[in-house]
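Participant: Numbering (my numbering), first residue to last: 896 to 1338.
From the three backbone atoms N, C-alpha and C, an ideal C-beta is built for every residue, glycine too.
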Amino acid sequence: AATGQSQEVESASIENGDRASITYKVYKRRWFGLVQLTLLNIIVSWDWLTFSPVSQNAAIYYNTSESAINWLSTAFLFSFVVIFPVTIYALHWGPKPSIVASAVLILAGNWIRFAGSHSRDGGLFGVVMFGQILTGLAQPFVLSAPTRFSDMWFTNRGRVAATALASLANPFGAALGQLIVPFMVTGPGDVSNAVLYVAIISSVAALPSFFIPAAPPTPPGPSGSRPKATLRDSMRLLKSLEIWLILVPYSIYVGFFNSISSLLNQIMMPYGFSSDDAGIAGALLIVVGLVAAAISSPILDRTKAFLLAIKLAVPLIGLCYLVFIWMPATRDLAGPYVVLSVLGAASFSLVPVALEFLCELSYPMSPEVTSTIAWAGGQLLGGLFIVISDALKAGPDADTPENMNNALIFTAVLALVAVPLPLMLGLFGRRDKLVMRRVRSDE
């Protein structure tokens, strides 16, 4: 108790009739858990993109095709969908069991991948695929955890920023993979060392997970002290139209981010760009997005202008996918770099505000329910979009051999179809359905 008092940075007490006073506090120890959750999201995403940025060299090393290398990304994404009901159950008991489960799977998956890649002369693709699936099973336990963690440890003046930090760490890990792996792998024989280095980094990042605090001694605010809806009741709350007007476009845009990140190398290289050029493009998509989210999240924490932010970001995302159709064919780096930077800024600003707005609209549903469903939809669609895009790739006899222009058209059309859905929020006499219930309960 004394340690808890010394770590107190903000407190408030209330008196409820004859009952003992309830003291609300936020603790400095919450940053240890948040940093660890952030690290795991970084590393699990880097695990995802260990092979895609060097798909040609990886295909040679494992004696398989580029399409098979694409399946390493696809299987990773589909793994999320397989285990997401377990994720909801684990997070319902708190973020720590979920974080520990992810750490165990990350450790196992990475070293199994290395077992299939230990020789510079060639690897065992089946063993690597098994390890990749294990790392894919690890992802939902940490990617769905930020809203649950921020709800348990932060007040409503810090939840968006906390959710943003841990959630957007995931694409930051993808940026690291896009940028660093091409420098690690200059030929097929380098794949073995790259897998080893990623396994070592993953192990160092995962081990502190076992020592994070499970829960704060006292809740951060009134909403944190009130009981959440049971999982059965939560399923009934999911019937809200407003929730689905956010869930559907969110899943589509996360899916396209996943597919673009996985295939960017194959999108750009037919037009004369190098794997390094594609890696920098992927990094710009993510780094500019992180900067935009770092600016917008604290502002939205204060203003609570969630609906306005969503209605501004979504049309911009759709427009960027439309314009990107023509960017690789310019054969000039400026076009892809600018469009992907704007796309990243809009997409990353959307992620934390959409997740937190879902929590507000679904309160008293526990935050992990909408968060896990939103991410599961994105991973499922991402896997499907990779398969569809690979099937739409031009043949070797096309004017630009093996270009992915048809895949970019498919992406743009579906991205634009999703735009009107969140724009309908609050229309047709349903403005009262947009009350932010969790914020109101804290007042």
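1. Identify which residue in A1310, R1326, R1325 has its Cα closest to the Cα of G1150.
2. Between V949 and S1170, which are expected to be in contact by the criterion C-beta below 8 angstroms, what is the C-beta distance as a whole number of angstroms?
3. Report the CB separation of L1253 from T1265 in whole angstroms; it is logged as a contact under 8 angstroms.
4. So W941 and G1031 are supposed to be a Cβ contact under 8 angstroms. How far apart are they, rounded?
5. My parser needs the alpha helix (DSSP H) runs of 4 or more residues fully inside the segment 1098-1185; what are they?
6. So, N1005 versus V1086, is the Cβ gap smaller than 8 angstroms?
7. Counting C-beta neighbours from all protein chains within 10 Å, is the total for V1312 16 or more, i.e. buried, or is it exposed?
8. In three-state DSSP terms, what is N936?
9. Answer yes or no: do Q931 and I994 have a C-beta to C-beta separation smaller than 8 angstroms?
10. M1299 and L1158 look like a contact to me (Cβ under 8 angstroms); what is the Cβ gap, rounded to whole Å?
11. Is it the case that the segment 1221-1240 contacts the segment 1270-1284, given that we only count it when at least three CB pairs across the two stretches are under 8 angstroms?
12. Quick check: the Cα distance between A1286 and F1280, rounded to an integer number of angstroms?
13. From which residue to which residue does the alpha helix (DSSP H) around R1008 run?
14. My assumption, with CB atoms under 8 angstroms, is that G989 sits in contact with M1047. Please give the rounded CB distance.
15. Does G1278 come out as helix, strand or coil in the three-state DSSP assignment?
16. Could you tell me if R925 is buried or exposed, where buried requires 16 or more neighbouring beta carbons within 10 angstroms of its beta carbon?
Facilitator: According to the data block:
1. A1310
2. 7 angstroms
3. 4 angstroms
4. In fact, because the Cβ distance is near 13 angstroms, the residues do not count as touching under 8 angstroms.
5. 1117-1120, 1126-1132, 1136-1163
6. no
7. exposed
8. helix
9. yes
10. 7 angstroms
11. no
12. 10 angstroms
13. 990-1010
14. 7 angstroms
15. helix
16. buried
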